[in-house]
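**Student:**
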Amino acid sequence: MFIRRVVVPAIFVALIALSSAVFASTEDAAKFVQRLGNQTIETLRAPDLTFDERQDRFRGLLTRGFDISFIGRFVLGRYWRAATSDQRGDYMALYSEFFLTTYAYRLGGYAGQTFVVTGARAANAKDVVVRSLIDRTGGPPLIADWRVRKIDGRYRVIDIMVEGISLAFTQRSEFASVARRGGLEGLLASLRSRTTKFSAVASLK
Numbered sequence: 528m529f530i531r532r533v534v535v536p537a538i539f540v541a542l543i544a545l546s547s548a549v550f551a552s553t554e555d556a557a558k559f560v561q562r563l564g565n566q567t568i569e570t571l572r573a574p575d576l577t578f579d580e581r582q583d584r585f586r587g588l589l590t591r592g593f594d595i596s597f598i599g600r601f602v603l604g605r606y607w608r609a610a611t612s613d614q615r616g617d618y619m620a621l622y623s624e625f626f627l628t629t630y631a632y633r634l635g636g637y638a639g640q641t642f643v644v645t646g647a648r649a650a651n652a653k654d655v656v657v658r659s660l661i662d663r664t665g666g667p668p669l670i671a672d673w674r675v676r677k678i679d680g681r682y683r684v685i686d687i688m689v690e691g692i693s694l695a696f697t698q699r700s701e702f703a704s705v706a707r708r709g710g711l712e713g714l715l716a717s718l719r720s721r722t723t724k725f726s727a728v729a730s731l732k
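Residue 611 in this note's numbering sits at position 84 of the sequence shown; the count goes up by one each step and never skips.
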């Protein structure tokens, strides 16, 4: 009886502490995503920025807000384990540039949106999924879920799900398809070509 009297209250205390920790982490993750979204919108609306300046600012936001190394390894999947040290180095350099160039180029063409976080939930012991609503000029609102993880004491985005479709899983499937046809070297060549193409298009802006 004595053990029961001691253990049961202790369990309740532990559950309350755990609930408080989860609430704090979801709230902090939501604030992080809202801040990142606000900074993005501010960059979009800055009238004094050239296209190149806007891209540079986006690249800085992406570098600070996303764990590109984590995403790059996930996207490569089993081919990461099979890659040599040199191939891994080449891939991460190319993927980082591909990621930054692709997203900065895409975001740089948007204008007039508002960004609002509408909720957050714990996905597992490590990740929080933050839901946002993006109002777009001339189109329906866009629902995006940001998968956030605390890495080295800082929140980082490790995936975005747009209308329920994971961008990381989509890239993983695409990269695997390219690697199956041409091997890892074929994938590296494809990334090199696509990064050069985006850079060339951006330079014409």
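Glycine residues also receive a C-beta, built at the ideal position from the N, C-alpha and C atoms.
What's the gap between the Cα of phenylalanine 642 and the Cα of threonine 664?
**Tutor:** By one-based count along the sequence shown, residue 642 stands at place 115. By one-based count along the sequence shown, residue 664 stands at place 137. Each residue's Cα considered, the two are about 12 Å apart.
**Student:** Is the distance from the Cβ of glycine 564 to the Cβ of serine 659 below 8 Å?
**Tutor:** Residue mapping note: residue 564 aligns to position 37 of the sequence shown, counting from 1. Residue mapping note: residue 659 aligns to position 132 of the sequence shown, counting from 1. Closer than 8 Å, so yes.
**Student:** Can you tell which of Val560, Val602 and Ala620 has its C-alpha closest to the C-alpha of leucine 588?
**Tutor:** In the sequence shown, counting from the first residue as 1, residue 588 sits at position 61. Among Val560, Val602 and Ala620, the Cα nearest to that of leucine 588 is on Val560.
**Student:** For arginine 719, tell me which candidate among Thr553, Lys653, Tyr618 and Ala706 has the shortest Cα-Cα distance.
**Tutor:** The residue you call residue 719 lines up with position 192 of the sequence shown. Of the candidates Thr553, Lys653, Tyr618 and Ala706, the one whose C-alpha sits nearest the C-alpha of arginine 719 is Tyr618.
**Student:** Any idea if serine 700 is buried or exposed, counting beta-carbon neighbours within 10 angstroms, 16 or more meaning buried?
**Tutor:** Here the question's residue 700 lines up with position 173 in the sequence shown. It counts as exposed.
**Student:** Please report the distance separating the alpha-carbon of aspartate 555 from that of glycine 666.
**Tutor:** As a position in the sequence shown, residue 555 is number 28, starting the count at 1. As a position in the sequence shown, residue 666 is number 139, starting the count at 1. Spanning the two alpha carbons is a distance of roughly 30 Å.
**Student:** Note down, in chain order, each residue of its chain lying with its Cβ closer than 7 Å to the Cβ of threonine 722, except the 5 sequence neighbours on either side.
**Tutor:** Here residue 722 corresponds to residue number 195 of the sequence shown, with the count starting at 1. So the list reads Leu621, Glu624, Phe625 and Thr628, once near-sequence residues are dropped.
**Student:** The alpha helix (DSSP H) with phenylalanine 593 in it runs from where to where?
**Tutor:** Along the sequence shown, one-based indexing puts residue 593 at 66. From DSSP, phenylalanine 593 is part of no alpha helix (DSSP H); its letter is neither H nor E.
**Student:** Below 8 Å between beta carbons: does that hold for leucine 714 and valine 705?
**Tutor:** For the purposes of this step, residue 714 is taken as the residue at position 187 of the sequence shown. For the purposes of this step, residue 705 is taken as the residue at position 178 of the sequence shown. Yes; because the gap between Cβ atoms is below 8 Å, this pair is in contact.
**Student:** Near glycine 604, which residues of its chain fall below 7 Å by C-beta distance, leaving aside the five closest residues on each side in sequence?
**Tutor:** Locating residue 604 in the sequence shown gives position 77, counting from the first residue. Cβ within range, chain order: Arg699 and Ala703.
**Student:** Can you look up threonine 641 in the DSSP assignment and give me helix, strand or coil?
**Tutor:** As a position in the sequence shown, residue 641 is number 114, starting the count at 1. In this structure, threonine 641 counts as strand in the three-state DSSP scheme.
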